[in-house]
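Q: The structure that follows is given in the form of structure tokens.
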Amino acid sequence: MKISVIGTGYVGLIQSVGLSEFGYNVVGIDIDESKIKQLNRGECPLYEEGVEELLNKHVGKNLRFTTSYDEIKDSDVIFLCVGTPQDEEGNADLRFIYSATESIRKKLDGNYKVIVIKSTVPIGTNRKIKEMLKDCNVDVVSNPEFLREGLALNDFLNPDRIVLGFENLNNPRPIEIMKEAYSYFSDKNVPFIITDWESSELIKYAANSFLATKISFINELSKLADVVGGDIKTISRAMGFDERIGNKFLNAGIGYGGSCFPKDVKALIKQFENNNIEPKLIRATDEVNEEQIYWFLNKIKKYYNNLNGKTFAILGLAFKPNTDDLRESRGIKLIELLLEEGAIVKCFDYVEKARENTINRYKFDKSKAFYGYNLYLFEDIYKTVENVDGIIITTEYSNLNEEDWNKIGNLVRNKVVFDGRNILDKNKIKNLGFKYFGVGRN
Ligand code: UDX
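Here it is as structure tokens:
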């Protein structure tokens, strides 16, 4: 089977290397020439465990990259993996999807092909794409991805389920082709959900928004615990023993970030609104998330009265551990809020590429590590905490517990920790003489 994958971003790249690992001939297509060159040299443009190894294993053999849509002519299956960012009103911006579809259409030569939409798209998009290709000999299939950053390759190779949405469930041809494309999973007990386009499209939004809602639920509850007492970590742990609830995605913190949850929740809200239905619960999920960081900031402000001139160590720049991705990162948001208050911020992340991305974002002068205001970046956690008035944890790095907190206590000006991810062993920290403020957990 010959496959082409349009888009070499996060989803497209994992799809390309994953399918080449299954033994298919894969060609990745992207309009970004320098990225294509980089990929053909075996260099991975993103930080994701295992991807560069697989890229090097297959590139130049059964995997190659090009900017030319001509290559789709030889493909049996074409995966569309272009971005669907958020537009100014919160809708999913489908410009890239439609322009890629148009580029495909121009190259189709009458031979039958299956076009698979992997991008997260609003309900009705697969139907529109089919409409654009109505004179072509193609079937359009919806096949949403469920890849977590940092674990994307693992999620690709060990999926919880494979969702496939078709125009007509009585037409066996595209169904058989998709089953063949994913035949690697057929003896691995992976459930295949074979359904219609709309269900498939909605499954993706439903899954992400539900997980986001779990987070916002526990975050809302944490505010009450902040005021009336109780430890939200113990509360969510106890809740999680009920199998109907489960213990995942119930960690209170300063809110969810990343390239998926914020955007997908907002896009789902828009889809309700566009259909004149009030999305009460999902809107609340979004609002709770937007407000969570201000609740946390107020806690810091209340402690110091005035943040002007105070120095803080921000531990965590990426939106979650083991990624370099700063998109919608709560740590970055908090840095900016602290700078607005006149604070001096010393920041750190364990992931080198996350630090590099921060340097690029703020156009740091590398030698001085200084941004026009009062932002400094460090490669060493102990240098970061030197002489600070408070430590603020913004990414849930469990290795923070392995740091020498005795040493940290001797380096800081003021022994206070604001644990925005409830990651520290609170008793240990308190026993070392630190004042500890968690989220719903003091
Ligand atoms: C998510 C989904 O998990 C994945 O299935 C989907 O396809 C893409 O979006 P990802 O964006 O990589 O994946 O991150 P995820 O691990 O889900 O975390 C998202 C955010 O939620 C992070 O900022 C994280 O810190 C936060 N989070 C997660 C919490 O605040 N509490 C939790 O209990 C879990």
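Using this note's numbering, the first residue of the sequence shown is number 1, and each one after it goes up by one.
By construction, the Cβ of each residue, glycine as well, lies at the ideal position given by its N, Cα and C atoms.
1. Would you check if the distance between the CB atom of ILE162 and the CB atom of LYS113 is smaller than 7 Å?
2. Could you check which residue in ASP87, TYR436, VAL116 has the C-alpha nearest to that of LYS266?
3. Return helix, strand or coil for ASP325, following the three-state DSSP convention.
4. Which residues mark the beginning and the end of the beta strand (DSSP E) in which ASN25 is found?
5. Helix, strand or coil for PHE96? Go by DSSP, reduced to three states.
6. By a C-beta neighbour count over all protein chains shown, 10 Å radius and 16 as the cutoff for buried, is THR234 buried or exposed?
7. Looking at the strands, I want to know which residues DSSP matches up with ALA313.
8. For the alpha helix (DSSP H) containing VAL288, list its first residue and its last residue.
9. Hey, how far is the Cα of LEU211 from the Cα of ASP109?
10. For the alpha helix (DSSP H) holding THR384, just list the boundary residues, first then last.
11. Which residues mark the beginning and the end of the alpha helix (DSSP H) in which PHE261 is found?
12. For VAL248, name the three-state secondary structure that DSSP assigns.
13. Within its chain, find whatever has a CB closer than 7 Å to the CB of ALA318; leave out the 5 residues flanking it on each side and keep chain order.
14. What residue range is occupied by the uninterrupted alpha helix (DSSP H) comprising ARG355?
15. Less than 7 Å between the C-beta atoms of VAL51 and VAL17, yes or no?
16. Which same chain residues end up closer than 6 Å to ALA181 when comparing Cβ atoms and leaving out the 5 residues on each side of it in sequence?
17. VAL116 lies in the beta strand (DSSP E); which residues open and close that run?
18. Can you tell me where the beta strand (DSSP E) with LYS223 in it begins and where it stops?
19. Residues in the same chain with beta-carbon distance under 7 Å from ILE487, minus the five sequence neighbours each way, listed in chain order, please.
20. Quick one: is LEU250 buried, meaning 16 or more other Cβ sit within 10 Å of its Cβ, or exposed?
21. In this structure, what does DSSP give as the bridge partners for GLY165?
22. How would you label ARG173, buried or exposed, when you count the other beta carbons within 10 angstroms and need 16 or more for buried?
23. With distances taken Cα to Cα, identify the nearest neighbour of GLY390 among LEU297, ALA100, LYS188, ILE245.
24. Measure the C-alpha to C-alpha separation of GLU379 and VAL385 and round it to an integer number of angstroms.
A: Quick look at the numbers:
1. The answer is no: Cβ separation not under 7 Å.
2. With respect to the C-alpha of LYS266, the residue from ASP87, TYR436, VAL116 having the closest C-alpha is ASP87.
3. If DSSP states are grouped into helix, strand and coil, ASP325 belongs with coil.
4. Per DSSP, ASN25 belongs to the beta strand (DSSP E) from 25-29.
5. Of the three classes helix, strand and coil, the one that applies to PHE96 here is helix, per DSSP.
6. Its Cβ having fewer than 16 others within 10 Å, THR234 is exposed.
7. As a beta-bridge residue in DSSP terms, ALA313 pairs with LYS346, ILE391.
8. Where VAL288 is concerned, the enclosing alpha helix (DSSP H) stretches over 280-304.
9. Rounded to whole angstroms, the separation of the alpha carbons of ASP109 and LEU211 is 42 Å.
10. In the DSSP assignment, THR384 falls within the alpha helix (DSSP H) that extends over 381-385.
11. In the DSSP annotation of this structure, the continuous segment of the alpha helix (DSSP H) that includes PHE261 starts and ends at 261-274.
12. It should be noted that the sequence gives Lys, not Val, for residue 248. In the displayed model, LYS248 falls within coil according to three-state DSSP, outside both helix and strand.
13. Contacts found: ASP324, ASP325, LEU326, SER329, ASP349, VAL351, ALA354, THR395.
14. Taken as a continuous stretch (DSSP letters only), the alpha helix (DSSP H) holding ARG355 covers 352-362.
15. Yes, the pair counts as a contact, with Cβ atoms nearer than the cut-off.
16. Here ALA181 has VAL77 as same chain residues with Cβ atoms under 6 Å from its own Cβ, once five neighbours each way along the sequence are excluded.
17. Following the DSSP letters along the chain, one finds VAL116 inside the beta strand (DSSP E) bounded by residues 113-117.
18. Segment 197-228 is the alpha helix (DSSP H) holding LYS223; no beta strand (DSSP E) there.
19. Nothing can be reported for residue 487: it is not among the residues displayed for the chain, which extend from 1 to 442.
20. With 16 or more other Cβ atoms inside 10 Å of its own Cβ, LEU250 counts as buried.
21. Under the DSSP definition of a beta bridge, GLY165 partners with SER142, THR195.
22. It counts as exposed.
23. With distances taken between Cα atoms, GLY390 lies closest to LEU297.
24. Approximately 11 Å between the Cα atoms of the pair.
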